[in-house]
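Engineer: Could you have a look at this structure, given as structure tokens, before my questions?
4 protein chains.
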Amino acid sequence: MVIVMNPNATGDQIKKVIVRVHNAGLRTHVVEGESRTIIGIIGDKKAIMALPIEALEGVEKAVTISSSYKLVSRDFKPTPSVVDVDGVKIGNGSLIVMGGPCAVESRDQLMEAAQIVKAGGAQFLRGGAYKPRTSPYAFQGLEEEGLSYLAEARAATGLKIVTEVTEVAAVELVASYADMLQIGARNMQNFHLLKAVGRTGKPVLLKRGLSATIDEWLHAAEYIVNEGNYNVVLCERGIRTYEEYTRNTLDLSAVGALKHLSHLPVIVDPSHGTGKWHLVRPMSMAAVAAGADGLMIEVHPNPAEALSDGPQSLNPGNYMALMHDVQRLAEFLKNEVR
Amino acid sequence: MVIVMNPNATGDQIKKVIVRVHNAGLRTHVVEGESRTIIGIIGDKKAIMALPIEALEGVEKAVTISSSYKLVSRDFKPTPSVVDVDGVKIGNGSLIVMGGPCAVESRDQLMEAAQIVKAGGAQFLRGGAYKPRTSPYAFQGLEEEGLSYLAEARAATGLKIVTEVTEVAAVELVASYADMLQIGARNMQNFHLLKAVGRTGKPVLLKRGLSATIDEWLHAAEYIVNEGNYNVVLCERGIRTYEEYTRNTLDLSAVGALKHLSHLPVIVDPSHGTGKWHLVRPMSMAAVAAGADGLMIEVHPNPAEALSDGPQSLNPGNYMALMHDVQRLAEFLKNEVR
Amino acid sequence: MVIVMNPNATGDQIKKVIVRVHNAGLRTHVVEGESRTIIGIIGDKKAIMALPIEALEGVEKAVTISSSYKLVSRDFKPTPSVVDVDGVKIGNGSLIVMGGPCAVESRDQLMEAAQIVKAGGAQFLRGGAYKPRTSPYAFQGLEEEGLSYLAEARAATGLKIVTEVTEVAAVELVASYADMLQIGARNMQNFHLLKAVGRTGKPVLLKRGLSATIDEWLHAAEYIVNEGNYNVVLCERGIRTYEEYTRNTLDLSAVGALKHLSHLPVIVDPSHGTGKWHLVRPMSMAAVAAGADGLMIEVHPNPAEALSDGPQSLNPGNYMALMHDVQRLAEFLKNEVR
Amino acid sequence: MVIVMNPNATGDQIKKVIVRVHNAGLRTHVVEGESRTIIGIIGDKKAIMALPIEALEGVEKAVTISSSYKLVSRDFKPTPSVVDVDGVKIGNGSLIVMGGPCAVESRDQLMEAAQIVKAGGAQFLRGGAYKPRTSPYAFQGLEEEGLSYLAEARAATGLKIVTEVTEVAAVELVASYADMLQIGARNMQNFHLLKAVGRTGKPVLLKRGLSATIDEWLHAAEYIVNEGNYNVVLCERGIRTYEEYTRNTLDLSAVGALKHLSHLPVIVDPSHGTGKWHLVRPMSMAAVAAGADGLMIEVHPNPAEALSDGPQSLNPGNYMALMHDVQRLAEFLKNEVR
């Protein structure tokens, strides 16, 4: 951390800042600039973070130099991590696809979706049994009944199951059905939930919060890993901006940024990221080309009848065409470019 | 809802949309525009919201005309609500202030803070015993120990206690100590938690999510009220924007907007809203003048030693001066202008 | 500026950075942190700003410590500036109001508006003769004809005229009619235009860009002042955020921030800032309480017939009521609180 | 446009709205909903846009159904446009690259850059002779001297020249040197400048404004095309969001959105879009895969000595590697996938 003093800070004020820092067991490095004094702080990150330095008189601002996450950082582990979900590896250079409906709506809908997802070559079936919805009057999910259909679809197809868990109380139950636990955007900073899924040891798919910075997102992952669970995959799903044409703004630069800052695998969800089915194909191709380890794609046997997020779901035909293209692209990139 | 068809949508596509709407038990109203057909949908809000119309062929977009919250709306209840917190009324035209430290750090710190808060004339003591923090390594709160100090401070001063609850499992415990339950910004869409505090019947202070629209915020309130608990007070605490000088951008226009759309009382938190203590005074004055029913202000006996959010906390002197000014302003507005 | 090196930067890379800085005539201060090296740079701000340090190998990031504007800063001139517009002073503690229609639409409309504005007690008449419009098909203003009506309205009422200039070629013409030149939000970084109005020496009202940071805004003001024209007044008019209920998000914390960072007067435009006439009153009151030196208010004799921005214009009755309230509030604040 | 009345609007208020619309030569379509009346307006887009309906009593809001741009829309011209820049075609399915330094700094720098750009296989040389800079103290460009170096580099390499014009007064001069005129992000809504470049008939590269919606961007293009100049290419260069790791958030979904809404070609600038050279490669690959017609890439012979935007410039080695990869990718996509 670097403390920037006011140009008119007194010597006494500067001294008090230094004493305050030293009292916290940290070292200082004072630099007299042209117009103001700057004080560098050296020492333990956690102790530095705990300092309310801006509350001291004469301080203009405090600038954080390095982030406080550690276990998820590339500095800590320079090689990319591979997350193994019951034999399916995420992050080893092969493209992974998680397909399926936004919500599990019925046994028939899910079984039909699973067959399509499987036929296209995806490795995972997605589908929400617990749906966080803006309105209390919208469909909230089939809960355990939905989980049982997911398990049945797995038995029928061999697909791995990734599904969202939305509360601590349901973690054990969801973990007993799912191969991978999804933390949704709204719960990215539900720290109790992060710790709870961390303690399960199960692979976790951590979606980016709607207005989370990359730094906050990696801190959220740190909560999980800090419980001893390194099986974390990050999922970019669009951020909230002023643009209204798309539901969210899919931030593909996050893929490269995360690869630079962290060792965790990264996948992309262009369905939620754009909210429009006709943008799913171009953004899927773009995500793969940007270096994503996988895709999460909404597929519905009949989008027009979906109980949730129909406008962004692919129908079976579009899904099959997309899978063909992204797989060929991934193969090309693996063999000929990288 | 209004469905906007593509300019080149076929008659067959238009027909299919209409059939789909009718099958959902809704009525349609077709308007042939200059270049495209528009279909108005009439009927039950919930049924309309559940339609995935944009997934149908030939549909350009679906435009939502009216929101789906009901119980919290001004249409539903045209007169302002007054929330009674054990005798203290919020929303009756008098200014309410909730003061105190961001976090309960120790018995001494809290008791000292409570005396200051009381001396300034506030009605509530605030202070977090459970602190959601971006980093797992930051101070996370004293938990039940903190709650007991809050109760002790209440006994000593007569101040009402408002404190945050961050998980369903702790609702009962926190409710046994607090007079009012606070839902923090990160949990505004933690729907399980909203329902849980709704079921307690206790007054709830619902903070706006970091990137929540006013519409989403009112839907979150609807989750609480839908459980039968009408004792909800909304708290504007700044939204996330591109501006970096302030921690958040305090959206004071939300006060007037909420008064227009809803009957619930509204208070403002300029401490989190700006992140800088020197902006707390001007934004407190502004909030009162904008028509807020109350303020939530961070006060710390010694901000430079705070374990959390020191830079935005007022010291005792600044707090006393602020209280004098906002109270005089509130009185002036009540007697001479409104 | 502080340069943060990668944790694994080599000694050679660090050396090269230092040499590069020294070659630019600047001094360095090297701090060896726990996990990485940090290099402080000391010297002339302009020389520091010109360094493309992040392009050097081993550099993680460069953190700017202090801004490069100077003439508009409070460090440079610690006392508030008062801008004199032909005898009317902005920034001397009295509330200034600029009222009038968004656009000059006709002689009759403007003369009627001017009489209303005058009757309410405002000092300035506003009204656009040149209107920057999103669509090429929207009303673009009466141009010089509009300016002549403004001059006529001034003659009739004694109000000062503030009106927008949108291109360098029109600066001389507009300056020959207006008492104060307005730079609109879209032109806040039209640097040619800033220099041109700077050269006139006329008072300038500089509106904040739609997504301008406070830092960029002050730099834009610096462009004007750097031409020798210190008669600059800043106008907060709302920033673009994700919120859709209001046209923009009026950032009232900018008032206090600007007062802290700069000596220039600040006014607020709640009409553009909210886009809804029913929010103009609460946000006007809030702006005054936040310490603004003035208000810019849209008033139209008949908002429902306005050619531009009718929904945010006050009708004569609402305007008169507002003026009564804001003037009483300003008086109260001046005499009893500050 | 659809007018949504308040639930408690009176019959008289509804009648007045209808009369107001009819007086503007438009037709209405009244729909009685469950709780409120909705009035559809049919007729000429321009007349509809000019209505200040929200200013009428009893109106809750007015919802715009279709945008007012026309000439640039896909509805107007269903086939993609190809822009011919002196023989080089943009939008015909081949990848176009515009490479070069952010600013023309010297004859040597530019000639060296041009040789590198040419060697990599790009078709255009970019480089700013007029630089809009946030600070008045930053390097502002070599102006006409810079233009002459660009012309010299064209003579030496055969590359086409694209360079920014920042004011109406310089349009003729820049057009006499350049093959394509660039409108920068800050000038996207400088309507005088848009009309001026429109009148030249020269190909125009229109960058997206920093916080421009796609709708506003297409309206800006409409200003140019409305002058009779259809040679417009759109350039996505990142939008302003809350995320701080990247300089901007590159919105690649804009590529697909623009292809859906408009017939104009679209290119992407990942250098400004990310602000970090190490993100240029992944985002270039992603842009190509998303369907962009071209890329604009910053290349500098020696980024560490650049006077502007060094951190986001590729050095020659990285540029050559990138060109190899994007060209192979474009070829693959053209031949095997699309």
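Chains as they are written, first to last, in full-length UniProt numbering: chain A, 1 to 338; chain B, 1 to 338; chain C, 1 to 338; chain D, 1 to 338.
Glycine is no exception: its CB is placed at the ideal position from the N, C-alpha and C atoms.
Just so we're clear, the structure is a prediction, and the values are computed from it rather than from any experiment.
(1) Since GLY273/A is in the alpha helix (DSSP H), which residue starts that stretch and which ends it?
(2) Note down the Cα distance separating GLU222/C from VAL232/C, rounded to an integer number of angstroms.
(3) Check the C-beta distance from LEU56/A over to ALA304/B and give it rounded, since I have them as a contact under 8 Å.
(4) Report the neighbours of PRO282/D on chain A: residues whose CB is nearer than 9 Å to its CB, in chain order.
(5) What's the C-alpha gap between ALA9/D and THR249/B?
(6) For GLU164/C, report the span of its beta strand (DSSP E) as first-last.
(7) Is the CB of residue 418/C under 8 Å away from at least one CB in chain B?
(8) Anything in chain G within Cβ reach of PRO7/A, meaning under 7 Å, just list it in chain order.
(9) Does VAL4/A get closer than 8 Å to chain C when you measure Cβ to Cβ?
(10) Taking a Cβ distance cut-off of 8 Å, strictly less, list which residues of the segment 141-175 of chain A are near chain B, in chain order.
(11) Can you pull the chain A residues whose beta carbon is under 7 Å from the beta carbon of MET285/D, in chain order?
(12) Of the choices ILE239/B, GLY209/B and LYS195/B, whose alpha-carbon is the least far from that of ILE224/B?
(13) Quick one, which of GLY43/D, GLY100/D, VAL59/D and SER67/D has its alpha-carbon nearest ILE297/D's?
(14) Going by CA-CA distance only, name the one from PRO132/B, PRO80/B, GLY317/B and LEU322/B that's closest to residue 411/B.
(15) For GLU243/B, count neighbouring C-beta atoms within 10 Å of its own C-beta (all shown protein chains included) and say buried if the count is 16 or more, exposed if not.
(16) When you compare only the Cα positions, how much space is there between TYR319/B and GLY121/B?
(17) Cβ of TYR242/D less than 8 Å from any chain B Cβ?
(18) Does the structure place the segment 204-212 of chain C close enough to the segment 42-60 of chain C that three or more beta carbon pairs sit under 8 Å?
(19) Under the three-state reduction of DSSP, which class applies to ALA24/D: helix, strand or coil?
(20) Indicate whether the contact test is met: 3 or more Cβ pairs, each with one atom in the segment 159-172 of chain D and one in the segment 121-137 of chain D, closer than 8 Å.
(21) For SER308/D, which of LYS131/D, VAL97/D and VAL31/D has the nearest alpha-carbon?
(22) Quick check on DSSP: helix, strand or coil for GLY141/C?
(23) Is there contact here, the segment 61-78 of chain C with the segment 330-337 of chain D, by at least three beta-carbon pairs under 8 Å?
(24) So, with DSSP's three-state summary, where would you put GLN189/B?
(25) Considering only their Cβ atoms, is the gap separating LEU95/B from VAL299/B smaller than 8 Å?
(26) Express the C-alpha separation of VAL268/D and VAL168/C in angstroms, rounding to a whole number.
(27) Could you tell me which uninterrupted alpha helix (DSSP H) segments, each at least 4 residues in length, are contained entirely in the segment 188-233 of chain A, listed from first to last along the chain?
(28) Can you list the alpha helix (DSSP H) stretches of 4 or more residues lying completely in the segment 25-99 of chain A, in chain order?
(29) I need the straight-line Cα distance from HIS324/A to SER284/A, nearest angstrom please.
(30) Listing by chain order, which chain C residues have their CB less than 7 Å from the CB of ALA113/D?
(31) Count the C-beta pairs between the segment 140-154 of chain A and the segment 104-119 of chain A that are closer than 8 Å, then say yes if the count reaches three, no if not.
(32) State yes or no: is the C-beta of VAL31/B within less than 8 Å of the C-beta of HIS22/D?
(33) Short of 6 Å in beta carbon distance, which residues of its chain neighbour ARG186/A, apart from the five on each side in sequence? Order them along the chain.
(34) Could you name the residues of the same chain whose beta carbon sits closer than 6 Å to that of LEU210/B, not counting the 5 residues immediately before and after it, in chain order?
(35) Within its chain, find whatever has a CB closer than 8 Å to the CB of LYS45/A; leave out the 5 residues flanking it on each side and keep chain order.
(36) Taking 8 Å as the CB-CB limit, is THR134/C close to chain D?
Structural biologist: According to the data block:
(1) Looking at the DSSP string, the run of the alpha helix (DSSP H) that includes GLY273/A is 270-274.
(2) Going from the Cα of GLU222/C to the Cα of VAL232/C covers about 9 Å.
(3) The pair is a contact, with the Cβ atoms about 5 Å apart (cut-off 8 Å).
(4) Chain A residues near PRO282/D: LEU252, SER253, VAL255, GLY256, LYS259, ALA289, ALA290 and GLY291.
(5) Cα to Cα, ALA9/D sits roughly 34 Å from THR249/B.
(6) That run of the beta strand (DSSP E) goes 160-164.
(7) Missing from the structure shown is residue 418/C; chain C here goes from 1 to 338 and no further.
(8) The chain labelled as chain G is not found among the protein chains of the depicted structure, namely A, B, C and D.
(9) Cβ-Cβ to chain C under 8 Å: yes for VAL4/A.
(10) Here the close residues are THR166, GLU167, VAL168 and ALA169.
(11) Scanning chain A for C-beta atoms nearer than 7 Å to the C-beta of MET285/D yields ALA289 and ALA290, reported in chain order.
(12) If we check each option's Cα against that of ILE224/B, LYS195/B comes out closest.
(13) The residue with the shortest Cα to Cα distance from ILE297/D is GLY100/D.
(14) This structure leaves residue 411/B out entirely; chain B is present only between 1 and 338.
(15) Burial state of GLU243/B is buried, judged by a 10 Å Cβ sphere holding 16 or more other Cβ atoms.
(16) If you take the alpha carbons of TYR319/B and GLY121/B, they lie about 10 Å apart.
(17) Yes, its Cβ sits closer than 8 Å to a Cβ of chain B.
(18) Output reads no: the segment 204-212 of chain C does not touch the segment 42-60 of chain C.
(19) Three-state result, ALA24/D: coil.
(20) The segment 159-172 of chain D and the segment 121-137 of chain D touch, with no fewer than 3 CB-CB distances between them shorter than 8 Å.
(21) Among LYS131/D, VAL97/D and VAL31/D, the Cα nearest to that of SER308/D is on LYS131/D.
(22) Of the three classes helix, strand and coil, the one that applies to GLY141/C here is coil, per DSSP.
(23) Contact check between the segment 61-78 of chain C and the segment 330-337 of chain D: fewer than three CB pairs, one atom from each, fall below 8 Å, which does not count as touching.
(24) Of the three classes helix, strand and coil, the one that applies to GLN189/B here is coil, per DSSP.
(25) Going by C-beta atoms, VAL299/B is not nearer than 8 Å to LEU95/B.
(26) One C-alpha to the other measures close to 31 Å.
(27) DSSP runs (the alpha helix (DSSP H)) wholly in the segment 188-233 of chain A: 191-200 and 214-225.
(28) 45-49, all fully within the segment 25-99 of chain A.
(29) About 12 Å.
(30) In chain order: nothing, as chain C lies at least about 14 Å away.
(31) Segments in contact, yes.
(32) It is not a contact, given that the beta carbons lie outside the stated cut-off.
(33) Excluding the 5 residues flanking it on each side, ARG186/A has same chain C-beta neighbours closer than 6 Å at PRO132, in chain order.
(34) Excluding the 5 residues flanking it on each side, LEU210/B has same chain C-beta neighbours closer than 6 Å at ALA185 and ARG240, in chain order.
(35) Excluding residues up to 5 positions away in sequence, SER66, SER68 and LYS70 lie with their Cβ nearer than 8 Å to the Cβ of LYS45/A in the same chain.
(36) Interface residue, yes.
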